[in-house]
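Peer 1: Residues in the sequence shown are numbered from 235 upward in steps of one, following my numbering.
No residue lacks a Cβ here, since even glycine has one placed at the ideal position from N, Cα and C.
I have a structure here, written as structure tokens, and I will follow up with some questions on it.
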Amino acid sequence: MKKISDEQLEEWLREMPKLKDHRDPHDIYENISKKLEERPRKPWIIPSFATAAAVFLMAILSFNLFDGASINHSADKSTQEEAATEQNTSLKKEESTVENEARMDVGNEENSTEMNDITFQATEDPTTAIYAEDLGAMQVFTLAIPDSQVQNIIPVSFLIEPSGQADQLAHIEEVMTSIDEQEWGLDDFYPLEADFAIDANNSTLNVNVAADHPYQNGSASIPFLNAIQHLLLNLNLEKAIFTTNETEKGMSTGHDFITEKVVEKKSNLAFYLFYPSHEAIKPYLVPFTESYSTIEEAFNAMKTNVDTHNLIAPLLVEQISSVAIDETNNRVNITLNQGINIEDTPETTQSIEAILLTAQSFGFEKVKFINAPIDTLGRFSLQEDIQVPIAANKKSID
235 MKKISDEQLE
245 EWLREMPKLK
255 DHRDPHDIYE
265 NISKKLEERP
275 RKPWIIPSFA
285 TAAAVFLMAI
295 LSFNLFDGAS
305 INHSADKSTQ
315 EEAATEQNTS
325 LKKEESTVEN
335 EARMDVGNEE
345 NSTEMNDITF
355 QATEDPTTAI
365 YAEDLGAMQV
375 FTLAIPDSQV
385 QNIIPVSFLI
395 EPSGQADQLA
405 HIEEVMTSID
415 EQEWGLDDFY
425 PLEADFAIDA
435 NNSTLNVNVA
445 ADHPYQNGSA
455 SIPFLNAIQH
465 LLLNLNLEKA
475 IFTTNETEKG
485 MSTGHDFITE
495 KVVEKKSNLA
505 FYLFYPSHEA
515 IKPYLVPFTE
525 SYSTIEEAFN
535 AMKTNVDTHN
545 LIAPLLVEQI
555 SSVAIDETNN
565 RVNITLNQGI
575 NIEDTPETTQ
585 SIEAILLTAQ
595 SFGFEKVKFI
605 NAPIDTLGRF
615 SLQEDIQVPI
625 AANKKSID
């Protein structure tokens with residue numbers, strides 16, 4: 235047991251509660267005197283009294299020591315419990331923080347993925363046509379595909395390896411079989427129910443159909459004959475010769491009977507934007523069937539939608555102030571209204587393409603924009619001559 239110093243003992247005694255005797259001192263003195271007179275004083279009283287006082291003092295000190303130890307133990311226990319509680323709380327907070335940070339990391343990763351998707355969509359080339367710089371060593375062929383309502387004929391263009399006429403025809407027929415027009419929002423039209431053969435000596439395409447072919451009514455014959463015209467243009471042939479069951483000359487188209495068709499390239503057409511569905515993001519650029527005498531007339535017509543055919547007027551056409559023809563450079567100079575605001579959006583880029591394709595339909599090679607408020611729009615430099623496209627509505631094939 236630890237030895238107690240005098241100083242500690244004195245301090246503990248001072249801290250003991252004070253006892254107050256309310257008796258009268260004179261009464262206390264008389265009582266003591268009487269007891270002393272009744273019993274003779276014995277020499278052992280003082281030692282006994284001292285011993286009793288010592289025992290009493292030790293009892294008090296022991297009580298204080300144990301009580302102090304108890305208090306200290308309780309305090310230590312309380313401190314330990316509080317420390318444990320704080321540690322648990324701290325652990326819970328750390329776990330919560332880790333969980334929250336994990337959720338934030340996951341959320342940030344998801345947001346990052348979404349942002350990457352959004353960035354990819356925003357930076358994707360919004361142009362739809364094929365341009366000279368897209369060719370490389372490839373060559374272009376175009377199929378005429380009707381929309382789902384068979385109102386518009388959509389020119390859809392592909393890049394293929396250069397080859398002779400026979401191989402090229404075989405490749406085109408292979409593409410006709412493999413494409414999924416409905417996936418593109420168009421009519422399920424190909425492959426054509428006809429057999430083809432090239433007569434290179436006469437620059438003709440022989441087209442043979444069965445007697446019960448599906449192009450005998452007027453609405454089906456129009457896209458069929460458009461498809462034949464595009465084949466002639468693709469194969470650089472002069473005309474098509476029609477037969478039925480390989481022996482009978484000509485074929486029935488419902489209200490007509492045709493034996494041959496000379497190649498005809500339609501020109502002086504105005505191009506519009508056509509969305510095959512409400513969900514479609516990128517439109518097709520579609521020529522309306524009407525031909526115009528001048529490109530100014532075509533641009534004026536393009537300022538208004540063709541509601542009967544769901545054709546949308548290109549945005550930028552409305553801002554054309556004047557049009558001038560530079561015959562020396564085979565170029566169309568288009569002056570835009572002063573002070574207009576042009577935003578670099580897919581819709582604006584595609585309206586530029588509609589203007590370029592319209593210029594191409596009139597036989598021009600280049601377009602120059604004057605008063606353009608911005609230098610570039612998508613892939614186009616508005617401060618320089620822009621080459622017209624080679625073909626509309628590029629599609630990839632496997």
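Near K537, what residues of its chain come up, given a Cβ to Cβ distance below 7 Å and the 5 sequence neighbours on each side ignored?
Peer 2: Taking the sequence shown and counting its residues from 1, one reaches residue 537 at position 303. Counting only Cβ-Cβ distances below 7 Å, and skipping sequence neighbours, we find A547, V551, E552.
Peer 1: Let me check understanding here. Comparing Cα to Cα, which of S397, Y424, E395, I586 lies closest to D381?
Peer 2: Residue mapping note: residue 381 aligns to position 147 of the sequence shown, counting from 1. D381 has its Cα closest to that of Y424, out of S397, Y424, E395, I586.
Peer 1: I'd like to confirm the pairing. Which residues does DSSP put opposite K600 in its beta bridges?
Peer 2: Position 366 of the sequence shown holds residue 600. For K600, which the question treats as bridged, DSSP gives the partners R565, Q621.
Peer 1: According to DSSP, simplified to helix, strand and coil, what is P517?
Peer 2: For the purposes of this step, residue 517 is taken as residue 283 along the sequence shown, with counting starting at 1. DSSP places P517 in coil when its eight states are reduced to three.
Peer 1: From this set, V443, L469, K499, which residue's C-alpha is nearest T481's C-alpha?
Peer 2: One-based indexing of the sequence shown puts residue 481 at position 247. Nearest option by C-alpha distance: V443.
Peer 1: What is the DSSP secondary structure of L627, counted as helix, strand or coil?
Peer 2: As a first step, residue 627 must be located in the sequence shown, where it is residue number 393. For the sequence presented, residue 627 should be read as Asn rather than Leu. In the structure shown, N627 sits in coil (DSSP, three-state: anything other than H, G, I, E or B).
Peer 1: Taking only three categories from DSSP, how would you classify I406?
Peer 2: The residue labelled residue 406 in the question sits at position 172 within the sequence shown. Residue state, collapsed to three classes: helix.
Peer 1: Once the 5 residues before and after F458 are set aside, which same chain residues still bring their CB inside 6 Å of it?
Peer 2: As a working note, residue 458 is residue 224 in the sequence shown. Here the set comprises Y449.
Peer 1: Counting along the chain, where does the alpha helix (DSSP H) carrying P580 start and finish?
Peer 2: Position 346 of the sequence shown, counted from the first residue, corresponds to residue 580. Per DSSP, P580 belongs to the alpha helix (DSSP H) from 580-595.
Peer 1: Nearest CA to the CA of D433: which residue from N539, E417, L466, T411?
Peer 2: As a working note, residue 433 is residue 199 in the sequence shown. Among N539, E417, L466, T411, the Cα nearest to that of D433 is on L466.
Peer 1: Pull up the distance between the alpha-carbon of S630 and that of S391, whole angstroms please.
Peer 2: Start at 1 with the first residue of the sequence shown, and residue 630 comes out as number 396. Start at 1 with the first residue of the sequence shown, and residue 391 comes out as number 157. For S630 and S391, the distance between alpha carbons rounds to 9 Å.
Peer 1: Quick check on DSSP: helix, strand or coil for L550?
Peer 2: Taking the first residue of the sequence shown as 1, we reach residue 550 at position 316. In this structure, L550 counts as helix in the three-state DSSP scheme.
Peer 1: Out of curiosity, what's the CA-to-CA distance linking P360 and N479?
Peer 2: Within the sequence shown, numbered from 1, the residue matching residue 360 stands at position 126. Within the sequence shown, numbered from 1, the residue matching residue 479 stands at position 245. Looking at the two C-alpha atoms, the distance is approximately 46 Å.
Peer 1: To the nearest angstrom, how far is the alpha carbon of F505 from that of F522?
Peer 2: One-based indexing of the sequence shown puts residue 505 at position 271. One-based indexing of the sequence shown puts residue 522 at position 288. If I take the Cα positions, the gap works out to 6 Å.
Peer 1: Are H594 and V622 touching if we call contact CB-CB under 7 Å?
Peer 2: In the sequence shown, residue 594 corresponds to position 360, counting from 1. In the sequence shown, residue 622 corresponds to position 388, counting from 1. What sits at residue 594 in the sequence shown is Gln, not His. Yes, Cβ-Cβ distance for Q594 and V622 is below 7 Å.
Peer 1: Of the residues L519, I554, D401, A404, which one's Cα is nearest the Cα of N386?
Peer 2: Locating residue 386 in the sequence shown gives position 152, counting from the first residue. N386 has its Cα closest to that of L519, out of L519, I554, D401, A404.
Peer 1: Determine the extent of the beta strand (DSSP E) in which E494 is found, giving its start and end residues.
Peer 2: Taking the sequence shown and counting its residues from 1, the one referred to as residue 494 is at position 260. Segment 494-496, the beta strand (DSSP E) holding E494.
Peer 1: Which value, in whole angstroms, describes the spacing of the CA atoms of E561 and N567?
Peer 2: Walking along the sequence shown from the start, residue 561 turns up at place 327. Walking along the sequence shown from the start, residue 567 turns up at place 333. E561 and N567: Cα-Cα distance of roughly 10 Å.
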